[in-house]
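Novice: I have a structure I would like to understand better, so I am pasting it below and will then ask my questions one at a time.
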Amino acid sequence: MSEHDLSFDAMGSHVRFLIGEPPAGGLPAREAAEGARELIAEFDRELSRFKPDSELSRLNADERERVPASALLRRAVGAGLFAAERSGGLVDPTLLREIEASGYASSRAGMAGAPLDAALAQAPPRRPARPAAEPRWRKIAVDDERGEIVRPPGVLFDTGGTGKGLAADLVAERLRGYSRFVVDCGGDIRIGGEDALVRPYEVYVEHPLTGGRAFVLRLSRGGVATSGLNIRIWRDGNGRYAHHLLDPASGEPVWTGLVGATALGDSAVEAETLSKAALLSGPRGAREVLAEQGGLIVHDSGRVEPVGPLARPPRVRLPRREPNGASA
Amino acid sequence: MTEARTESRRARRPGPAAVIWGSIALFAVLFALFAYQMSAPSQPRQQVLVRKLIKRRVVTTVVPAPGESTVSAGPAVSSTQSTTGAAPVTTSAS
Numbered sequence: 000m001s002e003h004d005l006s007f008d009a010m011g012s013h014v015r016f017l018i019g020e021p022p023a024g025g026l027p028a029r030e031a032a033e034g035a036r037e038l039i040a041e042f043d044r045e046l047s048r049f050k051p052d053s054e055l056s057r058l059n060a061d062e063r064e065r066v067p068a069s070a071l072l073r074r075a076v077g078a079g080l081f082a083a084e085r086s087g088g089l090v091d092p093t094l095l096r097e098i099e100a101s102g103y104a105s106s107r108a109g110m111a112g113a114p115l116d117a118a119l120a121q122a123p124p125r126r127p128a129r130p131a132a133e134p135r136w137r138k139i140a141v142d143d144e145r146g147e148i149v150r151p152p153g154v155l156f157d158t159g160g161t162g163k164g165l166a167a168d169l170v171a172e173r174l175r176g177y178s179r180f181v182v183d184c185g186g187d188i189r190i191g192g193e194d195a196l197v198r199p200y201e202v203y204v205e206h207p208l209t210g211g212r213a214f215v216l217r218l219s220r221g222g223v224a225t226s227g228l229n230i231r232i233w234r235d236g237n238g239r240y241a242h243h244l245l246d247p248a249s250g251e252p253v254w255t256g257l258v259g260a261t262a263l264g265d266s267a268v269e270a271e272t273l274s275k276a277a278l279l280s281g282p283r284g285a286r287e288v289l290a291e292q293g294g295l296i297v298h299d300s301g302r303v304e305p306v307g308p309l310a311r312p313p314r315v316r317l318p319r320r321e322p323n324g325a326s327a
Numbered sequence: 000m001t002e003a004r005t006e007s008r009r010a011r012r013p014g015p016a017a018v019i020w021g022s023i024a025l026f027a028v029l030f031a032l033f034a035y036q037m038s039a040p041s042q043p044r045q046q047v048l049v050r051k052l053i054k055r056r057v058v059t060t061v062v063p064a065p066g067e068s069t070v071s072a073g074p075a076v077s078s079t080q081s082t083t084g085a086a087p088v089t090t091s092a093s
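Protein sequences appear in the order of chains C and X. As numbered in numbering that gives the first Met the number 0, residues 0 to 327 make up the first sequence, in order. As numbered in numbering that gives the first Met the number 0, residues 0 to 93 make up the second sequence, in order.
Shown next, in the form of structure tokens:
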């Protein structure tokens, strides 16, 4: 059995599809991959905050309270609201002004990040992030019946917290029925297909400090995502190090004692949400965030700590022998 | 008159031996009954279906020697046909 392997750059990241055998009457894997690539291109074109003519930028500039929106934009806003709700407000999709004020107003694709070890040495005392006292995301609603986004004008929306995960999930929906597939949108990954249940995929987790392998997962379905401070990190106008993960309570980059977090989830959006929430929560909170679905956290020291189901050693259960010789 | 009535009551009361042997007999009967029930094949019980839900999740392996880089620069677009499992996938911050 073979897979079609398509890689390209989009959304400021590297995108990759691995697609197995098609279902009866389905498009060959090569054509399915090209179709998925067009979907990613549309996603990038319409939902980028760096493109002034994108539908997202037009939404944020619109002064009406109810704004007509495409199904794609409504889905993206819905994913952002899901993330905010799922994370208790830590993954806040309305911090666009704050992220721009901290120095991330244009795309950093292809730009090398500032050295993380130097940033850690100068970072303020570690503390967990907190949700905003008056969360703006609660004022946003998606009206699918009328095809509109509803929010007070001036509340800006950013897909940054869930965009790549949603892109992976949308492509995965198209690939339902294929024997096996991986959709990797900049490290936010969705895996599926019946054959993957039998022969899981190996997913390497990159260490944010060394760039080496921190862990190897064998995944048969669902999503996995990683958030870290090692890529989107820079020095602001005052020479201070800043990064893209903001504390919703203060609107500023937060240093929690973690430099990376990887999360498993039922979908890539959920995994991306949990990985960001874990990193923002600091070591103690991250263990709670990742307890159910499982994940990894990487401490400032570089120590890798498996959490939840990943922390438990695999159990080997021998078949129980019944008196009549049958296996239970 | 009163003495005669008391006498007849006394006469109707069973003696100690009768009470003892009666108790032993009753015990023996009950014991035999329970022993018979225990040894007899039981009635077929109502079958209970136990549904076992298995949620496949993940099997993990810790790589013993971290440090090997897994990120490589590739061409802008790459489209190939590969055998299953030939190329691992990497999750990282982006």
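Think of the CB as a built atom: it goes at the ideal place given N, C-alpha and C, for glycine as much as any other residue.
Just to make sure I have the definition right: I need the residues of chain C whose C-beta is within less than 9 Å of the C-beta of X/P87. Which are they?
Specialist: Contacts between X/P87 and chain C, judged by CB atoms closer than 9 Å, involve Y200, E201, V202, Y203 and V215 in chain order.
Novice: Of all the options C/D116, C/S69 and C/P247, which has the alpha carbon lying nearest to the alpha carbon of C/I232?
Specialist: That would be C/D116, whose Cα lies nearest to the Cα of C/I232.
Novice: To the nearest angstrom, how far is it from the Cα of C/R63 to the Cα of C/A285?
Specialist: Between the C-alpha atoms of C/R63 and C/A285 there is a straight-line separation of about 39 Å.
Novice: State buried or exposed for C/P22, treating a residue as buried only when at least 16 other CB atoms are found within 10 Å of its CB.
Specialist: exposed
Novice: Which residue comes first and which comes last in the beta strand (DSSP E) that contains C/F180?
Specialist: F180 to C184
Novice: Going by beta-carbon coordinates alone, are C/R129 and C/V154 separated by less than 8 Å?
Specialist: For C/R129 and C/V154, no; Cβs fall outside 8 Å.
Novice: If C/S101 and C/P252 are in contact, beta carbons under 8 Å, what's the gap, nearest whole angstrom?
Specialist: 6 Å
Novice: With a cut-off of 8 Å, does the C-beta of C/P207 fall near any C-beta of chain X?
Specialist: For C/P207, the nearest CB of chain X lies under 8 Å from its own CB, placing it at the interface with that chain.
Novice: Judging by CA-CA distance, which residue of C/L89, C/G301 and C/A270 is the nearest neighbour of C/A290?
Specialist: When C-alpha distances from C/A290 are compared across C/L89, C/G301 and C/A270, the shortest belongs to C/A270.
Novice: Taking only beta-carbon positions, decide if X/S93 is within less than 8 Å of chain C.
Specialist: Yes - at least one Cβ of chain C is within 8 Å of the one on X/S93.
Novice: Please report the straight-line C-alpha distance between C/E127 and C/L169, rounded to a whole angstrom.
Specialist: It should be pointed out that residue 127 of chain C corresponds to Pro in this sequence rather than to Glu. Taking the straight line joining both Cα atoms gives about 32 Å.
Novice: Compare the beta carbon distance of C/F49 and C/M10 with 8 Å and say whether it is the shorter of the two.
Specialist: No Cβ-Cβ contact shorter than 8 Å links C/F49 with C/M10.
Novice: Answer with yes or no whether the minimum CB distance from C/T158 to chain X is below 8 Å.
Specialist: no
Novice: Chain C beta carbons: is any one of them nearer than 8 Å to that of X/I19?
Specialist: With respect to chain C, the C-beta atom of X/I19 has no partner C-beta closer than 8 Å.
Novice: At 9 Å on the CB atoms, spell out the chain X contacts of C/V181, in chain order.
Specialist: V88
Novice: Are the stretch 231 to 246 of chain C and the stretch 178 to 190 of chain C touching, with three or more C-beta to C-beta distances below 8 Å?
Specialist: no
Novice: Going by DSSP in three states, C/A290 sits in which element: helix, strand or coil?
Specialist: coil
Novice: State yes or no: is the C-beta of C/L89 within less than 8 Å of the C-beta of C/D299?
Specialist: no
Novice: Measure the alpha-carbon distance for C/L279 versus C/S178 and round it to whole angstroms.
Specialist: 36 Å
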